[in-house]
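**Student:** First to last, the protein sequences are chains W and A.
The UniProt record's numbering applies: residue 1 is where the first sequence begins, and numbers increase by one.
The UniProt record's numbering applies: residue 1 is where the second sequence begins, and numbers increase by one.
I'd like to ask some things about the structure below.
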Amino acid sequence: MSTTNYIGKPTSRVDGPAKVTGTATYAAEYQVANMAYGYVVSSPIAKGKITKIHADEVLALPGVVQVFSHENVPSLAWFDRSYKDLVAPGGSPFRALHDAEIKFSQQPVALIVAENFELARYAASVLRIEYQQEDHETSLETQRAKGYEPGAGKTGFQPPPAPRGNPDKAWEEAPHRMEAEYVHGAQHHNPMELFTTTVEWRGEGKITAYDKTQGVYNVQQYLTKIFGLKKDDCRVVNEYMGGGFGAGLRPQYSAFLAVLAALELKRSVRLTLTREQMFSFGHRPHTLQYLKLAANADGTLAALQHHALHETSQFEDYTENVVNWSGMLYQCENVKLGYQIAKLDMYTPLDMRAPGAASGSIGLEIAMDEMAYAAGLDPLEFRLRNYAERDQNVDKPFSSKKLRDCYHQGAAKFGWDKRTQAPGSMRNGDGKLMGWGVGGGVWDATQQKAAAKASITADGKLTVSTATGENGTGTYTIMSQIAAETLGLPIEAVTFKLGDTDLPESPLQGGSWTAASVGSAVQSTCAALGEKIFKLAQKMDDSPLRDAKFEDVEFASGQLRLRADHSQAVVLRDVLQASGEAKLEADSSVMPNMVKQNGYSLHSHNVVFVEVTVDEDLGTVHVTRVLNAVAAGRILNLKTARSQVLGSVVWGIGMALMEETVMDHKFGRYMNHNFAEYHVPVNADIHDIDVLFVEEEDDIVNPLGVKGIGEVGMLGVAAAVANAVFHATGKRVRDLPVMIDKLL
Amino acid sequence: MNPFTYSRATAVADAVRDKASHPDSEYLGGGTNLIDLMKENVARPTHLVGLNKLPLADIETLPDGGLRLGALATNADTAWHDEVKSRYPLLNQAILAGASPQLRNAATNGGNLMQRTRCYYFYDLATPCNKREPGSGCSAIGGYNRVCGILGTSESCIATHPSDMCVALAALAPTVRVSGPNGDRTIAFDDFHRLPGNQPEKDNTLEPGELITGLDLPAKGFEKNFSYLKLRDRSSYAFALVSVAAGLELEGNTITDARLALGGVAHKPWRDQEAENMLKGQPATEDTFRRVAAKVVADAKGHGSNDFKIELAKRAIVRALKQAAEGNQHAADVFLNSNP
Ligand SMILES: Cc1cc2nc3c(=O)[nH]c(=O)nc-3n(C[C@H](O)[C@H](O)[C@H](O)COP(=O)(O)OP(=O)(O)OC[C@H]3O[C@@H](n4cnc5c(N)ncnc54)[C@H](O)[C@@H]3O)c2cc1C
Ligand code: SF4
Numbered sequence: 001m002s003t004t005n006y007i008g009k010p011t012s013r014v015d016g017p018a019k020v021t022g023t024a025t026y027a028a029e030y031q032v033a034n035m036a037y038g039y040v041v042s043s044p045i046a047k048g049k050i051t052k053i054h055a056d057e058v059l060a061l062p063g064v065v066q067v068f069s070h071e072n073v074p075s076l077a078w079f080d081r082s083y084k085d086l087v088a089p090g091g092s093p094f095r096a097l098h099d100a101e102i103k104f105s106q107q108p109v110a111l112i113v114a115e116n117f118e119l120a121r122y123a124a125s126v127l128r129i130e131y132q133q134e135d136h137e138t139s140l141e142t143q144r145a146k147g148y149e150p151g152a153g154k155t156g157f158q159p160p161p162a163p164r165g166n167p168d169k170a171w172e173e174a175p176h177r178m179e180a181e182y183v184h185g186a187q188h189h190n191p192m193e194l195f196t197t198t199v200e201w202r203g204e205g206k207i208t209a210y211d212k213t214q215g216v217y218n219v220q221q222y223l224t225k226i227f228g229l230k231k232d233d234c235r236v237v238n239e240y241m242g243g244g245f246g247a248g249l250r251p252q253y254s255a256f257l258a259v260l261a262a263l264e265l266k267r268s269v270r271l272t273l274t275r276e277q278m279f280s281f282g283h284r285p286h287t288l289q290y291l292k293l294a295a296n297a298d299g300t301l302a303a304l305q306h307h308a309l310h311e312t313s314q315f316e317d318y319t320e321n322v323v324n325w326s327g328m329l330y331q332c333e334n335v336k337l338g339y340q341i342a343k344l345d346m347y348t349p350l351d352m353r354a355p356g357a358a359s360g361s362i363g364l365e366i367a368m369d370e371m372a373y374a375a376g377l378d379p380l381e382f383r384l385r386n387y388a389e390r391d392q393n394v395d396k397p398f399s400s401k402k403l404r405d406c407y408h409q410g411a412a413k414f415g416w417d418k419r420t421q422a423p424g425s426m427r428n429g430d431g432k433l434m435g436w437g438v439g440g441g442v443w444d445a446t447q448q449k450a451a452a453k454a455s456i457t458a459d460g461k462l463t464v465s466t467a468t469g470e471n472g473t474g475t476y477t478i479m480s481q482i483a484a485e486t487l488g489l490p491i492e493a494v495t496f497k498l499g500d501t502d503l504p505e506s507p508l509q510g511g512s513w514t515a516a517s518v519g520s521a522v523q524s525t526c527a528a529l530g531e532k533i534f535k536l537a538q539k540m541d542d543s544p545l546r547d548a549k550f551e552d553v554e555f556a557s558g559q560l561r562l563r564a565d566h567s568q569a570v571v572l573r574d575v576l577q578a579s580g581e582a583k584l585e586a587d588s589s590v591m592p593n594m595v596k597q598n599g600y601s602l603h604s605h606n607v608v609f610v611e612v613t614v615d616e617d618l619g620t621v622h623v624t625r626v627l628n629a630v631a632a633g634r635i636l637n638l639k640t641a642r643s644q645v646l647g648s649v650v651w652g653i654g655m656a657l658m659e660e661t662v663m664d665h666k667f668g669r670y671m672n673h674n675f676a677e678y679h680v681p682v683n684a685d686i687h688d689i690d691v692l693f694v695e696e697e698d699d700i701v702n703p704l705g706v707k708g709i710g711e712v713g714m715l716g717v718a719a720a721v722a723n724a725v726f727h728a729t730g731k732r733v734r735d736l737p738v739m740i741d742k743l744l
Numbered sequence: 001m002n003p004f005t006y007s008r009a010t011a012v013a014d015a016v017r018d019k020a021s022h023p024d025s026e027y028l029g030g031g032t033n034l035i036d037l038m039k040e041n042v043a044r045p046t047h048l049v050g051l052n053k054l055p056l057a058d059i060e061t062l063p064d065g066g067l068r069l070g071a072l073a074t075n076a077d078t079a080w081h082d083e084v085k086s087r088y089p090l091l092n093q094a095i096l097a098g099a100s101p102q103l104r105n106a107a108t109n110g111g112n113l114m115q116r117t118r119c120y121y122f123y124d125l126a127t128p129c130n131k132r133e134p135g136s137g138c139s140a141i142g143g144y145n146r147v148c149g150i151l152g153t154s155e156s157c158i159a160t161h162p163s164d165m166c167v168a169l170a171a172l173a174p175t176v177r178v179s180g181p182n183g184d185r186t187i188a189f190d191d192f193h194r195l196p197g198n199q200p201e202k203d204n205t206l207e208p209g210e211l212i213t214g215l216d217l218p219a220k221g222f223e224k225n226f227s228y229l230k231l232r233d234r235s236s237y238a239f240a241l242v243s244v245a246a247g248l249e250l251e252g253n254t255i256t257d258a259r260l261a262l263g264g265v266a267h268k269p270w271r272d273q274e275a276e277n278m279l280k281g282q283p284a285t286e287d288t289f290r291r292v293a294a295k296v297v298a299d300a301k302g303h304g305s306n307d308f309k310i311e312l313a314k315r316a317i318v319r320a321l322k323q324a325a326e327g328n329q330h331a332a333d334v335f336l337n338s339n340p
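Below, the structure written as structure tokens:
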């Protein structure tokens, strides 16, 4: 048998064939008998009250089964805490169809259930609802003065650290200074797959919900608390997902409504949101950032202030870590960080890929560019002079940090030394203005508690399972790699199962912690199974391993053998067959090793080099070249990891040049709520993207030494594009996206 | 989307009769616009007359040297037709600058002329819109109007016609052939689309029930000196913020004939014949182009978020005329991205 060393290799996706042949089943594709179809009716107004719902007119249509609204929803859980999911921010979660009150435009106000989808959709279009409208406030600009510091309501949120040094004085006294405000608008996740829940009615109050979610356990606990169901009676399944990006972290109102209808009607129900309704819930918030930096004559940072304000809803305090990164990415003794949110009549924002850091790195990394220019320094050189060896926010060393290598290797590969500093000083072969910009960032390397189970049958087939999610990131693949390598099996012999509350509990898929958390659980479970196999191997007649200890053996190439002497080996399948056991099983649960981690700051880093060309007359920008150098611990799979970074870069280019959900404040409503008008990059916008990993050895972050790769690649991309545009044109655009009109 | 019946016509007369006998009916070409509008409940026909079996998919040379484009020929087949590529490369470029290959494969020439505006408010029933619901008000005025017009707007509507193909057609000046309950007639292209005035619900001058059967292009195709320049918020698959179709005839460096039309700026593809006349007899220099560009936008009016279109249109006109004069534009064989 050939090698079974898979970790680090560019293994192709194990779920690829199922996806391209259409056998991978998504939430909207589960076929169950006697299904009814739901369609959500959304509010046209942003604030007010429903005064009348003419449900009778719609119920008269043959085939319409029911119209659910606040008027007929059964009494459900009473307290807010029952509606809190695992990642709910502070406040009072939104409850669909709870009362007559309208809190945001596109709020779900009724659910039509009919015998078929088309009829439900039609009924929704003719349902007359009367509203009493009230004045709404949706503009963050007008609410600046009403910003406040939120409490620590949400898991993972950390209020900014206390100021250090004397940033105001240091700024006043420094030779080089800058201050500026940076803005970006709201952005919606818009995964390709629409939110869907197919609820299978299993009789006697039992359901299975096939739901688009990044965390089946989160949805299960949410549903069971609200509807008073027993866990066994509420199974939640999500085996495949057409993208999440954070949109599926919190249980969606569509899941609540579908389950409500199924339980009331005692019938299977499917509910899919429309693309327009994909703009009706969480999003990356519109954010205003103010930065004030100063540099000493030697190019070291004298002072750094970073303040951010973003929107939240009237009912929840959405928080993300926007400014904290600025206190740890660069060395600076005088730092003040501030963070506020302001309430608006809209839905609560929601974590979107690298929440907080993606926004914060726009402000910080454009400001660093401005500061470098003010100090007369190359922007990369300026970063090198301010390299942070310790995390000054918590005053701890990093468990590992090879950002300096990223700077050097990235710059060399990009050819940064050929850059001339003056704006407008470089042109490409066609004589077009060309600009080179740099940016980057820092992201958390987190591990969460996770459990897994594994079983191996006499024919040597291994099944490993845990209820994590698969956003499309490559989870199936890397977990199969870890399992195969741990037990020395060919990857084809491994089946990995996920996304089902019948499986051991894993955290939500988010925060770039899946590889570390679930990967550690898979490794530990497979090792536990290995120990059982080892004991059986010792019992075999004439076993060469009879006197060995478990630490002395290794699993490789289908064998169990002595590390010191590979000729002392048994074939795994022979062990299983000789044992007479049909199946061996093991399970385990892994927690982060807090004792080991406590003395360190655990983070991944990146730097992005960007080339743009700009048509100076017409204001068009093309990102012709990007190099993203990433230090994120050990890379489990070069191919899927690279894909994560490529996707991040594409996303960053979108953020820089086109992505923005535009609100008409008169209506308090997002207006470009479709894919024709909400622009994300298309193929023609994307040119060369290069990814470089600087691997770090780190046994502190977790036993696997991985830091996660799903989000770090986004950091600084948008800023680097904006910086490159400045380098090309001399125009400093501080409100993203950089569209044609801002360069005319 | 409301329930509707559907019939498929195989002869023009049947299609016209079928439509006339159903009060709330619509013709259905490729469906790339109408079906979307039905899903959004902007259009609520109770009957659709399917046109795709009509014998109107041909493209044929006319005795006067012109070219007839069937109303049911797809945008893709039209763009890639040999005669179009060699004699009307401006049209080839404009069609290929629009939508996506999938859409162009389905979209028909008739449907392209008839496609409705992309004004956000027109598409969203939660907001007033005079074009969708006459008398309800125009939300784009004072609202988010980045995609709206700067020329020929009215107090009741500032929407634009979104087509790329039609901008090239405006420059090439074909006649539109129509059949209706009262017989056949032709309409000069420039008279086909209209300005909003106080009837923004009317996009064009078709009479109720009339069917477009084809377009007759005149012989002159400006195949040597032309340019279609489209500026948009991403490199492909986005509607034009501003587009320019330019065609020149030159003797030496002197302009002897000129065509100039703009997209993304008005309720109709905006051909400016005065500007064309200004070009004639002039040297093909940047100076000339600047004067002409200034003239085209002299009466332009911004509405806030689209103010930039005035300057952008000016610069785009200069660039397009320059490219046309240089004469190194070609019909696309493979659609390479030729964005500025
Ligand atoms: C996402 C998206 C992006 C797009 N981007 C662009 C772009 O960048 N540039 C661009 O130019 N276009 C773009 N389009 C629009 C596309 O070009 C039009 O939708 C298409 O040309 C319409 O043709 P159709 O045959 O599908 O029309 P249909 O949808 O079938 O019909 C449209 C209208 O025309 C009427 N009609 C159709 N045929 C006739 C006829 N023969 N006589 C009378 N009435 C008729 C119908 O009744 C209907 O009212 C885009 C469309 C989409 C969906
Ligand atoms: S510009 Fe025209 S289409 Fe847009 S809202 Fe006003 S009336 Fe409607």
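Every residue gets a Cβ at the ideal spot worked out from N, C-alpha and C, and that includes glycine.
Quantities reported herein were computed from a predicted structural model and do not represent experimental measurements.
What number of angstroms, rounded off, separates the C-alpha of Val-14 (chain W) from the C-alpha of Val-199 (chain W)?
**Tutor:** Taking the first residue of the first sequence as position 1, residue 14 (chain W) is located at position 14. Taking the first residue of the first sequence as position 1, residue 199 (chain W) is located at position 199. Near 28 Å, if we compare the C-alpha coordinates of Val-199 (chain W) and Val-14 (chain W).
**Student:** List the residues that DSSP assigns as beta-bridge partners of residue 342 (chain A).
**Tutor:** Residue 342 (chain A) lies beyond the residue range present for chain A, which begins at 1 and ends at 340; the question has no answer from this structure.
**Student:** Compare the C-alpha of Tyr-83 (chain W) against each of W:Val-73, W:Arg-95 and W:Gln-277 and name the closest.
**Tutor:** As a position in the first sequence, residue 83 (chain W) is number 83, starting the count at 1. That would be W:Arg-95, whose Cα lies nearest to the Cα of Tyr-83 (chain W).
**Student:** When the cut-off is 8 Å and only beta carbons count, does Asn-471 (chain W) lie next to chain A?
**Tutor:** Here residue 471 (chain W) corresponds to residue number 471 of the first sequence, with the count starting at 1. Chain A, which has no Cβ nearer than 8 Å to the Cβ of Asn-471 (chain W), makes this no.
**Student:** Applying a beta-carbon distance threshold of less than 7 Å, which residues of chain A neighbour Asn-672 (chain W)?
**Tutor:** Numbered from 1 along the first sequence, position 672 holds the residue referred to as residue 672 (chain W). Under the 7 Å cutoff, chain A gives Tyr-120.
**Student:** State yes or no: is the C-beta of Glu-40 (chain A) nearer than 7 Å to some heavy atom of ligand 3?
**Tutor:** Absence of ligand 3 is noted for the structure shown, with ligand 1 and ligand 2 being the only ligands found.
**Student:** Give me the residue from A:Asp-24, A:Thr-153, A:Leu-96 and A:Asn-277 with the minimum Cα distance to Asn-130 (chain A).
**Tutor:** Residue numbering aside, residue 130 (chain A) sits at position 130 when the second sequence is read from its first letter. Closest by alpha carbon: A:Thr-153.
**Student:** Can you check the segment 226-257 of chain W for any beta strand (DSSP E) of at least 3 residues that lies completely inside it and give the ranges in chain order?
**Tutor:** As far as the segment 226-257 of chain W is concerned, its whole beta strand (DSSP E) runs of at least 3 residues are 234-237.
**Student:** Closer than 8 Å between beta carbons: that is the criterion. Which residues of the segment 107-135 of chain A meet it against chain W?
**Tutor:** Going along the segment 107-135 of chain A in chain order, one finds Arg-118, Tyr-120, Tyr-121, Tyr-123, Asp-124, Leu-125, Ala-126 and Thr-127 with a Cβ nearer than 8 Å to chain W.
**Student:** My understanding is that Leu-304 (chain W) touches Pro-167 (chain W), with C-beta atoms under 8 Å, so please give their C-beta distance in whole angstroms.
**Tutor:** Counting from one through the first sequence, the residue named residue 304 (chain W) turns up at place 304. Counting from one through the first sequence, the residue named residue 167 (chain W) turns up at place 167. Right, the Cβ-Cβ distance comes to about 7 Å (below 8 Å), so this counts as a contact.
**Student:** Would you say residue 748 (chain W) and Gly-716 (chain W) are within 8 Å of each other, going by their C-beta atoms?
**Tutor:** Residue 748 (chain W) cannot be examined here, being either before or after the span of chain W that is shown, 1 to 744.
**Student:** Where does the unbroken alpha helix (DSSP H) through Asn-75 (chain A) begin, and where does it stop?
**Tutor:** Within the second sequence, the letter at position 75 stands for residue 75 (chain A). Looking at the DSSP string, the run of the alpha helix (DSSP H) that includes Asn-75 (chain A) is 75-80.
**Student:** Could you tell me how far apart the beta carbons of Ala-308 (chain W) and Thr-287 (chain W) are, in whole angstroms, since I believe they sit closer than 8 Å?
**Tutor:** In the first sequence, counting from the first residue as 1, residue 308 (chain W) sits at position 308. In the first sequence, counting from the first residue as 1, residue 287 (chain W) sits at position 287. So it is a contact: roughly 6 Å between Cβ atoms.
**Student:** Would Leu-744 (chain W) count as contacting chain A if we go by Cβ distances under 8 Å?
**Tutor:** Taking the first sequence and counting its residues from 1, one reaches residue 744 (chain W) at position 744. Answer yes: the Cβ-Cβ gap between Leu-744 (chain W) and chain A drops below 8 Å somewhere.
**Student:** Taking only three categories from DSSP, how would you classify Arg-132 (chain A)?
**Tutor:** Counting from 1 along the second sequence, the entry for residue 132 (chain A) is found at position 132. Coil, per DSSP.
**Student:** Measuring straight from C-alpha to C-alpha, what distance separates Val-612 (chain W) and Lys-731 (chain W)?
**Tutor:** By one-based count along the first sequence, residue 612 (chain W) stands at place 612. By one-based count along the first sequence, residue 731 (chain W) stands at place 731. Whole-angstrom Cα-Cα distance: 13 Å.
**Student:** Is Lys-131 (chain A) near ligand 2, going by C-beta to nearest heavy atom under 7 Å?
**Tutor:** Position 131 of the second sequence, counting from 1, holds the residue named residue 131 (chain A). Under cutoff, so the answer is yes.
**Student:** How is the alpha helix (DSSP H) around Asn-105 (chain A) delimited, first residue to last?
**Tutor:** Translated into the one-based positions of the second sequence, residue 105 (chain A) becomes position 105. Element bounds for Asn-105 (chain A): 101-106.
**Student:** Beta carbon of Met-165 (chain A): closer than 7 Å to some heavy atom of ligand 1?
**Tutor:** Translated into positions along the second sequence, residue 165 (chain A) becomes position 165. True, at least one ligand heavy atom lies under 7 Å from that Cβ.
**Student:** Give the residues of chain W in contact with Pro-3 (chain A), contact being defined as C-beta atoms less than 9 Å apart.
**Tutor:** Stepping through the second sequence from its first residue, residue 3 (chain A) is reached at position 3. Those within 9 Å of Pro-3 (chain A) in chain W are Glu-118, Leu-119 and Tyr-122.
**Student:** Name the residues in the segment 301-318 of chain A whose C-beta lies less than 7 Å from a C-beta of chain W; which are they?
**Tutor:** Cβ contacts with chain W come from Phe-308, Glu-311, Leu-312, Arg-315 and Ala-316.
**Student:** Output the distance between the C-alpha atoms of Asp-203 (chain A) and Pro-196 (chain A), rounded to the nearest integer angstrom.
**Tutor:** Against the second sequence, residue 203 (chain A) aligns to sequence position 203. Against the second sequence, residue 196 (chain A) aligns to sequence position 196. In a straight line, the C-alpha of Asp-203 (chain A) is about 7 Å away from that of Pro-196 (chain A).
**Student:** Around the C-beta of Asn-112 (chain A), are 16 or more other C-beta atoms found within 10 angstroms, so that it is buried, or is it exposed?
**Tutor:** Against the second sequence, residue 112 (chain A) aligns to sequence position 112. So Asn-112 (chain A) counts as buried.
**Student:** Count the other CB atoms within 10 Å of the CB of Ala-324 (chain A); is the residue buried (16 or more) or exposed (fewer)?
**Tutor:** Stepping through the second sequence from its first residue, residue 324 (chain A) is reached at position 324. With 16 or more other Cβ atoms within 10 Å, it is buried.
**Student:** Are any of the Cβ atoms in chain W nearer than 8 Å to that of Tyr-228 (chain A)?
**Tutor:** The sequence position of residue 228 (chain A) within the second sequence is 228, counting from 1. Tyr-228 (chain A) does not count as touching chain W.
**Student:** Please check the pair Gly-263 (chain A) and Val-167 (chain A), which I expect to be a contact at CB under 8 Å, by giving their CB distance rounded to whole angstroms.
**Tutor:** Translated into positions along the second sequence, residue 263 (chain A) becomes position 263. Translated into positions along the second sequence, residue 167 (chain A) becomes position 167. About 4 Å separates the two Cβ atoms, so the contact holds.
**Student:** By a C-beta neighbour count over all protein chains shown, 10 Å radius and 16 as the cutoff for buried, is Pro-181 (chain A) buried or exposed?
**Tutor:** Reading the second sequence from its first residue, position 181 is the one you call residue 181 (chain A). With fewer than 16 other Cβ atoms within 10 Å, it is exposed.
**Student:** Counting Cβ pairs, one atom from each stretch, are 3 or more of them under 8 Å apart for the segment 439-458 of chain W and the segment 353-372 of chain W?
**Tutor:** As far as the Cβ criterion goes, the segment 439-458 of chain W touches the segment 353-372 of chain W, which means the pair count is three or higher.
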